[in-house]
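K.L.:
Same order as they appear, the protein sequences are chains R, L, Z, W, Y and X. Under the numbering used here, the first sequence has 234 at position 232, and the numbering climbs by one with no breaks. Under the numbering used here, the second sequence has 185 at position 183, and the numbering climbs by one with no breaks. Under the numbering used here, the third sequence has 274 at position 272, and the numbering climbs by one with no breaks. Under the numbering used here, the fourth sequence has 193 at position 19, and the numbering climbs by one with no breaks. Under the numbering used here, the fifth sequence has 195 at position 21, and the numbering climbs by one with no breaks. Under the numbering used here, the sixth sequence has 181 at position 7, and the numbering climbs by one with no breaks. All residues carry an ideal CB built from backbone N, CA and C; glycine is no exception. Quick caveat, the model's predicted, so the values are computed rather than measured.
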Amino acid sequence: MDAIALFFVLGFVARLARSDLKLPAQLYEALSIYLLLAIGLKGGMELAKQAPMEVLPQALAVIALGVVIPLIAFPILYKLGRLDRFNAAAIAGHYGSVSVVTFAVAVDYLAARNLPYEAYLPLFLVLLEMPGIAIGVLLARLGGQWREIRWGTLLHEIFLGKSMVLLAGGLLIGWAAGPKGLEPLEPFFFDLFKGALCLFLLEMGLVAAAQAGALRSSGVFLAVFAIGMPIVSAVLGAVLGTAIGLSAGGTLLLATLAASASYIAAPAAMRIAIPEANPGLSITAALVITFPFNLLIGIPLYHRIVGLIHGS
Amino acid sequence: MDAIALFFVLGFVARLARSDLKLPAQLYEALSIYLLLAIGLKGGMELAKQAPMEVLPQALAVIALGVVIPLIAFPILYKLGRLDRFNAAAIAGHYGSVSVVTFAVAVDYLAARNLPYEAYLPLFLVLLEMPGIAIGVLLARLGGQWREIRWGTLLHEIFLGKSMVLLAGGLLIGWAAGPKGLEPLEPFFFDLFKGALCLFLLEMGLVAAAQAGALRSSGVFLAVFAIGMPIVSAVLGAVLGTAIGLSAGGTLLLATLAASASYIAAPAAMRIAIPEANPGLSITAALVITFPFNLLIGIPLYHRIVGLIHGS
Amino acid sequence: MDAIALFFVLGFVARLARSDLKLPAQLYEALSIYLLLAIGLKGGMELAKQAPMEVLPQALAVIALGVVIPLIAFPILYKLGRLDRFNAAAIAGHYGSVSVVTFAVAVDYLAARNLPYEAYLPLFLVLLEMPGIAIGVLLARLGGQWREIRWGTLLHEIFLGKSMVLLAGGLLIGWAAGPKGLEPLEPFFFDLFKGALCLFLLEMGLVAAAQAGALRSSGVFLAVFAIGMPIVSAVLGAVLGTAIGLSAGGTLLLATLAASASYIAAPAAMRIAIPEANPGLSITAALVITFPFNLLIGIPLYHRIVGLIHGS
Amino acid sequence: MPNTHKCKLVVLIAEKALEDKLAQDVMRLGAHGYTVADVRGRGSHGDRNGTWDADRSIRMEILCDVKTAVTITTHVEKAYFLHYAMVAFVADVGVLRPQKFSG
Amino acid sequence: MPNTHKCKLVVLIAEKALEDKLAQDVMRLGAHGYTVADVRGRGSHGDRNGTWDADRSIRMEILCDVKTAVTITTHVEKAYFLHYAMVAFVADVGVLRPQKFSG
Amino acid sequence: MPNTHKCKLVVLIAEKALEDKLAQDVMRLGAHGYTVADVRGRGSHGDRNGTWDADRSIRMEILCDVKTAVTITTHVEKAYFLHYAMVAFVADVGVLRPQKFSG
Ligand SMILES: Nc1ncnc2c1ncn2[C@@H]1O[C@H](COP(=O)(O)O)[C@@H](O)[C@H]1O
Ligand SMILES: Nc1ncnc2c1ncn2[C@@H]1O[C@H](COP(=O)(O)O)[C@@H](O)[C@H]1O
Ligand SMILES: Nc1ncnc2c1ncn2[C@@H]1O[C@H](COP(=O)(O)O)[C@@H](O)[C@H]1O
Ligand code: NA
Ligand code: NA
Ligand code: NA
């Protein structure tokens with residue numbers, strides 16, 4: 003198993019064994035700020051090398067993916083899973099959005115295997131962060147309470163939420179400064195990245211184990227959904243990545259993004275936009291099941307799927 | 003624009019746009035401890051290479067500069083600006099002292115242009131930190147309440163304040179350990195410096211924007227002062243740097259130090275020593291106007307001024 | 003003096019001079035998490051290169067050392083020092099366990115002198131962490147209240163305490179991932195190690211000076227014990243290291259481990275397991291006297307002792 | 175106490191996600207200020223031990239007159255009690271400058 | 175206040191080492207919840223300024239009925255007052271949903 | 175409550191810059207201890223949201239007898255209210271070991 007996944011396991015096991023290990027709250031915050039900025043900077047730096055007109059159609063296709071996934075997830079949750087509209091919509095929104103850490107682990111997976119990928123892919127991460135959340139909120143209000151949507155608040159929460167500002171801000175700075183300008187920042191933002199990711203995964207393991215108790219009450223359906231949905235999304239992502247001409251590595255990253263579910267940006271936005279939804283359900287699904295599934299099983303599996311679809 | 007200035011802009015814009023982005027309080031503290039120590043260590047390491055008798059006369063001249071600047075600023079604020087004695091004195095003290103981050107940005111400015119400078123200049127940073135604050139307090143008490151000055155407390159606050167201890171402590175350790183002894187500390191204290199500075203500037207941007215509202219109530223005079231005074235001080239610094247035989251790069255650093263206003267050490271000391279002063283005024287001037295002015299316009303401007311005065 | 007020891011001195015002096023310098027609490031926690039993980043990873047990485055059967059007998063001998071030291075310390079404290087059973091047992095437990103930071107400084111001492119040592123020695127650090135604490139608790143309950151020992155809680159506290167989980171977890175991850183797998187983590191966990199250690203020592207200096215006041219009330223006996231006991235333990239460690247065939251460097255590390263007293267893991271465990279003991283006494287002994295003694299005088303002294311005993 | 179004046183202290187313990195909203199609400203409803211601390215805890219919504227974003231709680235204190243206290247507690251009861259982890263209580267205290275907290 | 179009901183607020187200030195134990199104790203003794211904040215301070219055990227592990231303190235608040243308040247305070251008095259740095263006090267407050275804290 | 179004794183709880187919310195001074199003051203004026211927490215807030219001096227040094231506030235709690243409570247509140251009123259962001263209030267509480275806080 004990869005070293006970084008082992009940190010997740012360490013956290014998970016330590017918490018299950020009732021160790022008092024706990025990362026300081028502000029270290030968790032500092033690490034997530036750092037990871038978001040670093041990913042944005044890296045992507046922006048690479049974006050500076052691209053012709054914008056080449057990337058634009060890909061970008062639009064990727065946004066469409068972010069809209070489609072929650073539209074698929076919602077009926078499954080609502081009809082099949084018999085969840086109420088609010089919970090179904092909130093969970094759909096989490097799966098429409100993406101997990102930054104899962105993305106980082108997939109990048110590491112490629113790097114460890116020397117597989118190339120389009121280095122501007124963090125742009126897609128930024129683009130996929132938002133639409134899922136917006137669609138989730140719309141779905142929650144379909145039942146006639148359209149007027150209740152506070153558009154101002156919602157758009158604000160989505161575009162000016164902490165993770166969006168850091169990712170997009172990093173992207174813009176990286177793009178404006180270019181590889182030359184970022185050189186002196188490399189030791190901090192790039193060389194330390196993987197180590198910082200390990201610490202963050204340790205914390206995620208602790209948190210996931212702490213939430214694991216909620217598994218029992220959330221029912222079998224949700225567990226099945228939290229494994230099945232990522233696979234469906236990954237296939238969609240793999241097809242789309244192939245269609246828009248990404249390399250096999252880039253396609254794997256897009257598939258992983260599609261498969262991942264947000265547990266940082268989405269919970270914060272949903273808590274305010276859909277108060278009726280029980281946050282325990284979406285967090286159990288996204289963090290306790292989907293996240294470790296992607297980490298340990300999903301990414302290699304999607305690698306195979308991409309192999310079949312991309313055919314290279 | 004330089005990458006590190008862009009981080010300030012990101013923070014500033016994010017806050018103006020009412021994003022909820024916020025750096026954890028203890029990360030801010032950790033970063034400022036790190037930056038102060040790192041600057042001190044670097045300066046001390048270089049000082050170890052100097053003959054003390056060479057630096058001593060320069061050091062005395064620099065301390066005199068720290069005394070003169072608030073003595074110029076005070077009458078401007080008191081007579082021209084019609085501020086009361088306490089506020090005039092407190093603001094004068096802030097401008098007599100220096101901004102560590104502005105210094106670091108100026109060092110970076112030189113490095114990016116491959117311009118050489120006397121590497122022991124952090125010593126002057128340490129020397130300029132104190133006198134301004136002391137003069138500010140004296141000016142506040144000129145109106146007869148000399149007895150009210152608690153000299154013990156004041157000297158304690160100045161010499162044993164957090165930033166002084168870290169800067170001077172770092173300087174001493176760097177000097178005692180020398181380049182050889184610091185080698186294993188380089189990856190931590192030197193290679194990461196610029197990245198840490200970026201994070202700190204992001205936070206400064208957030209804080210400056212949060213304080214920006216106070217601009218309206220503080221009046222036009224203060225805004226003019228907060229841009230004019232740094233230019234005056236920079237000219238003084240440039241003349242002095244040339245007179246004491248610094249290189250063009252060293253002269254620019256001294257001019258920038260003179261032009262910069264303290265917003266970490268001075269506010270803390272002044273709050274206790276001159277409670278009658280409104281901290282909002284000095285912080286608006288030093289942090290909201292002078293700091294970004296120096297960052298974005300001042301340093302290149304002082305570079306020109308130094309070009310004229312230093313003539314090399 | 004070594005640069006890292008100077009950071010301890012800076013903290014100590016700053017606090018004695020009543021500076022308001024203070025490291026943020028969560029930075030202290032973050033640093034200790036980082037140091038424990040890094041030491042574990044490094045040791046585990048090296049352990050991966052060893053044949054387990056070679057290390058096993060050494061490991062058993064080392065555990066025995068951890069049992070013997072508190073058994074020697076207890077009667078000294080109880081009979082000679084006339085401390086009550088609880089305090090004698092608690093202090094004996096602290097000296098049976100080890101100080102991670104002292105170990106790190108000794109490793110640095112060897113590195114600075116290019117002296118080789120068995121790179122898997124962090125394993126012994128992990129092994130020595132526990133037995134001392136357990137023996138301390140047993141000694142406290144010898145007076146008939148055996149039933150009062152909550153074995154579950156005690157074992158839990160010892161094996162699942164924060165520092166144990168991080169050290170042993172790091173060891174396992176390092177062992178599983180091996181040198182190749184840890185390569186991308188090197189910039190974070192290994193290159194930054196010494197700098198992070200400096201910050202931690204700065205904090206330890208502050209804490210030690212804050213506790214120094216308690217010296218007066220704790221009596222001369224404790225001060226003598228806190229210097230004499232480490233020397234006795236170091237001799238034991240040096241003899242054992244030589245006997246089990248360690249190199250001179252490895253023997254010095256084992257002697258230093260034996261000489262060191264825990265002030266992170268032991269206080270936490272003892273506070274719950276022996277509430278009757280006054281934590282001020284053990285902390286004064288371990289942190290205010292033994293720790294700086296080892297740092298500044300002990301390690302070079304043990305180097306000489308090892309020279310005599312090991313004879314190489 | 176001779177030098178103090180009667181005042182209400184309203185305390186709200188709630189999910190951190192509500193901090194900004196509550197701050198706006200109480201100011202709009204007539205409070206002249208508030209004080210916030212980061213806390214963790216347990217209640218009917220289970221363990222909220224503050225290790226990560228979704229698990230954090232805050233404790234907001236508002237000194238105000240009776241009328242404002244009733245307005246604030248009535249509002250939060252209606253707006254948040256159903257869907258959010260939240261507790262509210264009120265105490266009688268004495269303040270030093272009564273005009274600072276009332277009217 | 176018209177919309178509130180009488181309730182006790184028990185406050186325990188203690189060494190951080192006791193946090194988990196106290197949390198278990200109060201739940202076992204009948205509390206329905208608690209809130210914890212990190213604090214520092216000074217008392218008969220000297221300065222506990224929170225710079226490092228052994229020096230940290232917590233402040234735990236429990237809203238409960240009188241009976242539970244007596245049980246909790248009696249228990250901590252017996253179990254911890256002798257050997258630990260600790261302070262306990264009780265205040266009368268008014269809560270909004272009384273059934274949440276009692277029974 | 176049967177097992178508690180009347181006591182005053184003085185609460186001071188103030189700029190962090192005052193922490194050390196207040197700690198010295200209250201001990202000098204007869205308190206036997208105090209507890210401090212980091213807080214943020216808003217009041218007549220505007221938003222003090224705690225993002226940086228100058229913006230931080232603390233909340234200090236002092237359990238003491240009436241006389242000390244009057245002394246402390248009178249002192250801080252005179253010494254700090256004019257120039258510093260600060261709020262003070264006093265509550266009646268019941269403590270377990272009354273001799274710990276009085277005399
Ligand atoms: N009985 C109680 N005493 C003190 N704090 C409580 C109590 N019940 C709940 N809380 C706090 O209020 C938060 C939300 O409560 P709840 O909505 O019951 O989950 C909890 O996480 C606690 O911090
Ligand atoms: N009179 C007091 N007022 C407020 N808090 C106190 C008081 N006495 C003690 N404390 C708090 O309770 C902790 C333990 O108290 P003690 O057991 O007296 O050392 C202290 O560190 C303070 O945080
Ligand atoms: N009405 C209030 N209720 C609770 N806390 C307050 C209130 N007014 C002020 N504060 C707190 O006291 C600090 C200083 O208040 P002020 O001097 O009014 O700016 C504020 O930053 C708040 O933390
Ligand atoms: Na997704
Ligand atoms: Na200046
Ligand atoms: Na030992």
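#1: I'd like to know whether the C-beta of Z:Arg20 is nearer than 8 angstroms to at least one C-beta of chain L.
#2: Y:Glu209 lies in the beta strand (DSSP E); which residues open and close that run?
#3: Could you tell me which of Z:Leu141, Z:Arg115, Z:Leu25 and Z:Phe195 sits nearest to Z:Leu43, measuring between CA atoms?
#4: Put L:Val100 into one of helix, strand or coil per three-state DSSP.
#5: So which residues on chain L does Z:Ala5 lean against when the C-beta distance must stay under 7 angstroms?
#6: With a threshold of 16 other CB atoms inside 10 Å of the CB of R:Leu310, please say whether the residue is buried or exposed.
#7: Just the Cα atoms here: how many angstroms apart are R:Leu256 and R:Ile41?
#8: In angstroms with no decimal places, state the Cα-to-Cα distance between Z:Ile137 and Z:Ala260.
#9: Whole-angstrom Cβ separation of Y:Ala262 and Y:Leu186, contact assumed at under 8 angstroms?
#10: Z:Leu348 versus chain Y: which residues are under 7 angstroms apart at the beta carbon?
#11: Can you list the residues of chain L that R:Phe9 reaches, using a CB-CB cut of under 9 angstroms?
#12: Which of the three DSSP states, helix, strand or coil, is assigned to Z:Leu206?
#13: Starting from Y:Phe263 and walking both ways along the beta strand (DSSP E), at which residues does that stretch end?
#14: Cβ of Z:Tyr265 versus every heavy atom of ligand 1: is any distance shorter than 7 angstroms?
#15: Taking the straight line between their C-alpha atoms, what separation do you get for L:Gly45 and L:Ala106?
#16: Quick one: list the residues of chain Y neighbouring Z:Glu278, beta-carbon separation under 8 angstroms, in chain order.
#17: In chain Z, which residues lie with their C-beta within 7 angstroms of the C-beta of Y:Ala228?
#18: Y:Tyr208: beta carbon under 7 angstroms from a heavy atom of ligand 8?
#19: Can you tell me whether DSSP reads Y:Ala188 as helix, strand or coil?
#20: Name the one or two DSSP bridge partners that W:Asp221 has.
#21: Establish whether the CB of R:Lys196 and some CB of chain Z are separated by less than 8 angstroms.
#22: Check each residue of the segment 244 to 272 of chain W: if its Cβ is closer than 9 angstroms to any Cβ of chain Y, include it; give the result in chain order.
#23: If the criterion is Cβ atoms closer than 8 angstroms, does the pair Z:Tyr97 and Z:Pro124 meet it?
#24: Any heavy atom of ligand 2 closer than 7 angstroms to the CB of R:His96?
#25: Is the distance from the Cβ of Z:Val290 to the Cβ of Z:Ala214 below 8 angstroms?
#26: Are Z:Phe223 and Z:Gly313 close, meaning C-beta to C-beta below 8 angstroms?
#27: Starting from L:Ala16, find everything on chain R with Cβ-Cβ shorter than 8 angstroms and list it in chain order.
#28: Per DSSP, Y:Ser231 is paired with what?
#29: What residue range does the alpha helix (DSSP H) around R:Trp153 cover?
#30: Using a Cβ cut-off of 8 angstroms (strictly closer), state whether Y:Ala197 contacts chain Z.
#31: Just to confirm the assignment, what range does the alpha helix (DSSP H) spanning L:Ala214 have?
#32: Is X:Gly277 a contact residue of ligand 2, with contact defined as CB to any heavy atom under 7 angstroms?
#33: So, with DSSP's three-state summary, where would you put W:His257?
#34: Does DSSP put W:Leu183 in a helix, in a strand, or in coil?
#35: For Y:Ile236, verify whether its CB is less than 7 angstroms away from any heavy atom of ligand 1.
P.N.:
Reading from the atomic positions:
#1: yes
#2: Here the sequence assigns Thr to residue 209 of chain Y, which means Glu is not the residue at that position. Here the beta strand (DSSP E) through Y:Thr209 covers Tyr208 to Gly217.
#3: Z:Phe195
#4: coil
#5: Ile175, Ala179, Gly183, Leu184 and Leu187
#6: exposed
#7: 15 angstroms
#8: 15 angstroms
#9: 5 angstroms
#10: The question about residue 348 of chain Z has no answer, for chain Z in this structure spans 3 to 314.
#11: What R:Phe9 touches in chain L: nothing, since even the nearest Cβ is about 21 angstroms away.
#12: In the sequence on display, residue 206 of chain Z carries Met and not Leu. Note: Z:Met206 maps to helix in three-state DSSP.
#13: Met260 to Val269
#14: no
#15: 12 angstroms
#16: His257
#17: Pro269, Pro281 and Ile285
#18: Judged by which ligands are present, ligand 8 is missing from the structure shown, whose ligands are ligand 1, ligand 2, ligand 3, ligand 4, ligand 5 and ligand 6.
#19: strand
#20: W:Arg216
#21: yes
#22: Val244, Thr247, Thr248, Val250, Glu251, Phe255, Val261, Ala262, Phe263, Val264, Ala265 and Asp266
#23: no
#24: no
#25: yes
#26: no
#27: Leu162, Val167 and Gly171
#28: Y:Glu189 and Y:Val213
#29: Trp153 to Leu162
#30: no
#31: Neither: L:Ala214 is in no alpha helix (DSSP H) and is coded neither H nor E.
#32: no
#33: coil
#34: strand
#35: yes
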